[in-house]
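Chains as they are written, first to last, in my numbering: chain A, 1 to 219; chain B, 1 to 219.
This report refers to the structure that appears directly beneath it.
There are 2 protein chains.
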Amino acid sequence: MSTMPQTGLLTEEECYQRLRKAIVDGTLMPNQHLVEMDLVKSMNASRATVRTVLARLEQEGLVERERYRGARVRMVTHAEAVEILEVRAALEALIARYAAMHATDADVAALQEILEDMRRCQERNDLISYSENNARLHRKLVAMAGHHTAERLLDTLNSQSVRYQYRTIMAQGRPESSLREHREIVDAVAARNPDAAEAAMKIHLAHVCETLRQIKPGV
Amino acid sequence: MSTMPQTGLLTEEECYQRLRKAIVDGTLMPNQHLVEMDLVKSMNASRATVRTVLARLEQEGLVERERYRGARVRMVTHAEAVEILEVRAALEALIARYAAMHATDADVAALQEILEDMRRCQERNDLISYSENNARLHRKLVAMAGHHTAERLLDTLNSQSVRYQYRTIMAQGRPESSLREHREIVDAVAARNPDAAEAAMKIHLAHVCETLRQIKPGV
DNA sequence: CTCAACAAAATTGTCAACAATTTTGATTAT
DNA sequence: ATAATCAAAATTGTTGACAATTTTGTTGAG
């Protein structure tokens with residue numbers, strides 16, 4: 001299906017995906033200088049391609065460029081992470097509403113299964129898996145909503161703030177209240193109640209937001 | 001201050017701004033094919049610059065590119081315009097909350113003056129100026145909020161959907177109710193009541209959204 | 001006349017060399 | 001030792017030519 005050119009050269013889209021992933025998963029550190037020729041070699045793409053990809057990543061907010069001074073992985077400040085989380089809250093509230101409007105029985109069953117997984121993780125204090133299931137639940141809601149515009153923006157916002165997500169998870173302190181909040185969301189969606197779903201999501205992310213806000217920027 | 005190269009060649013940022021403006025203000029029509037060499041001549045920029053700019057505009061959602069088939073001005077469908085408006089509603093509700101939290105007395109005075117302008121426009125049935133003041137009010141709220149992340153996203157969303165704005169304005173039918181809704185927003189901000197400001201903005205944009213939804217896609 | 005095949009033209013993607021600018025490192029004066 | 005100066009190196013921006021692909025237009029068969 002994917003028309004991979006037999007030559008080792010990466011197409012622009014592949015190069016974009018790889019570089020983006022390297023930034024998001026932390027292979028490339030914030031503030032790290034991205035030298036074009038290094039990327040040409042490590043990515044096996046032409047320099048023109050690399051330049052184009054860097055411009056796209058700048059537009060996406062993952063990279064900063066300065067004329068004649070090259071590109072760097074963008075450093076997201078604590079204050080900005082809070083802003084991003086606030087916007088996410090607004091968008092995910094919309095998503096929850098749409099999910100409640102369009103949920104099939106299979107969708108609801110899937111949500112409840114993820115929630116049950118989260119409960120088990122919380123029981124055995126497995127925060128890593130809990131957090132992964134948390135993300136899974138949110139992704140499932142996004143898929144259910146079918147709101148393409150909100151989905152695209154959320155994807156970008158998440159990629160910018162992944163570095164701050166583990167903090168809120170670790171610092172959340174009371175995973176039992178997090179679990180309760182997620183149950184409220186799933187119940188509202190299961191009841192096909194858009195208003196309740198939106199409200200529950202808003203309450204949940206307001207708490208996450210408050211948690212992140214209370215973490216000292218210095219740490 | 002701005003280091004304008006004495007040569008006639010446009011820098012990437014200038015080229016980006018000019019091309020973006022041409023798309024947003026309708027000089028370049030939706031679906032219009034953007035041939036690189038033509039842009040090189042009309043923009044007086046190098047081809048590499050033009051290519052980079054097109055990639056940025058694609059990331060921003062104003063342009064579509066296909067390998068070996070070039071770039072086109074992206075066509076925003078009616079359904080997508082509704083989605084964009086819904087996301088705008090969510091973000092502007094957040095903006096209204098922030099504006100209410102950070103409003104100075106001068107800010108409130110400015111808002112009330114714009115509102116008064118809108119009233120006068122509505123009185124003499126000047127829909128064009130009314131719509132311009134409408135936009136001015138929203139921009140003022142955005143500036144007051146000081147929420148950089150929401151501001152950036154709103155700017156992008158607005159640029160994508162300008163083509164659909166005149167429709168909602170013309171079709172709104174009852175400018176008097178629009179004026180009332182805006183007054184609610186300004187009053188809430190003047191009272192420094194974030195919850196009320198957010199709610200008022202939500203109600204207002206829900207009505208705009210409903211109006212746009214009811215316009216037949218065919219027209 | 002319609003359709004398929006094919007060549008010509010137009011357009012986009014890639015590459016290598018060069019120009020412009022910044023960064024680095026050594027040198028010298030204080 | 002420290003700071004200023006300047007050349008060398010590194011890096012980015014630009015240009016033009018060429019390769020790959022699509023688009024267009026023509027020709028011929030049915």
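Every residue, glycine too, gets a C-beta built ideally from N, C-alpha and C.
- Taking C-beta atoms as the reference points, A/S159 and A/R20 count as a pair closer than 9 Å.
- DSSP lists A/R72 as the bridge partner or partners of A/E64.
- For A/T104, no alpha helix (DSSP H) encloses it, and the DSSP letter there is neither H nor E.
- Interface residue (Cβ-Cβ distance to chain A less than 9 Å): B/E64 is not classified as such.
- The Cβ-Cβ distance between A/L212 and A/A150 does not fall below 9 Å.
- Secondary structure note for B/S42: its alpha helix (DSSP H) is the uninterrupted segment E36 to M43.
- Between the C-alpha atoms of B/A191 and B/H102 there is a straight-line separation of about 11 Å.
- For A/L205, the enclosing alpha helix (DSSP H) begins and ends at P194 to Q214.
- Under the Cβ criterion of 9 Å, A/E58 is counted among the residues facing chain B.
- By the neighbour-count criterion, in which 16 or more other beta carbons inside 10 Å mark a residue as buried, B/L9 falls on the exposed side.
- Below 8 Å, too few C-beta pairs join the region 48–64 of chain B and the region 67–74 of chain A to call them touching: fewer than three.
- DSSP, read as helix, strand or coil, puts B/H148 in helix.
- Contact with chain A is absent for B/G70, since none of that chain's Cβ atoms lies less than 9 Å from the residue's Cβ.
- Nearest to A/H148 by C-alpha distance, out of A/A200, A/E198, A/S178 and A/L91, is A/L91.
- Beta-carbon to beta-carbon, B/A89 and B/A197 are separated by about 14 Å, too far to satisfy the 8 Å threshold.
- Contacts with chain A at 9 Å (Cβ-Cβ) include B/H148.
- In chain order, C121 place their CB closer than 7 Å to the CB of A/S129, counting only its own chain and leaving out the 5 sequence neighbours on each side.
- For the pair of segments examined, the region 113–127 of chain A was found not to touch the region 105–114 of chain B: the number of CB pairs separated by less than 8 Å stays below three.
- Distance from the CA of A/L179 to the CA of B/R136, rounded to the nearest whole angstrom, comes to 43 Å.
- Residue pairing by DSSP puts A/H33 in a beta bridge opposite A/R72.
- Residues of chain B with a Cβ closer than 9 Å to the Cβ of A/E83 are, in chain order, H147, H148, T149 and A150.
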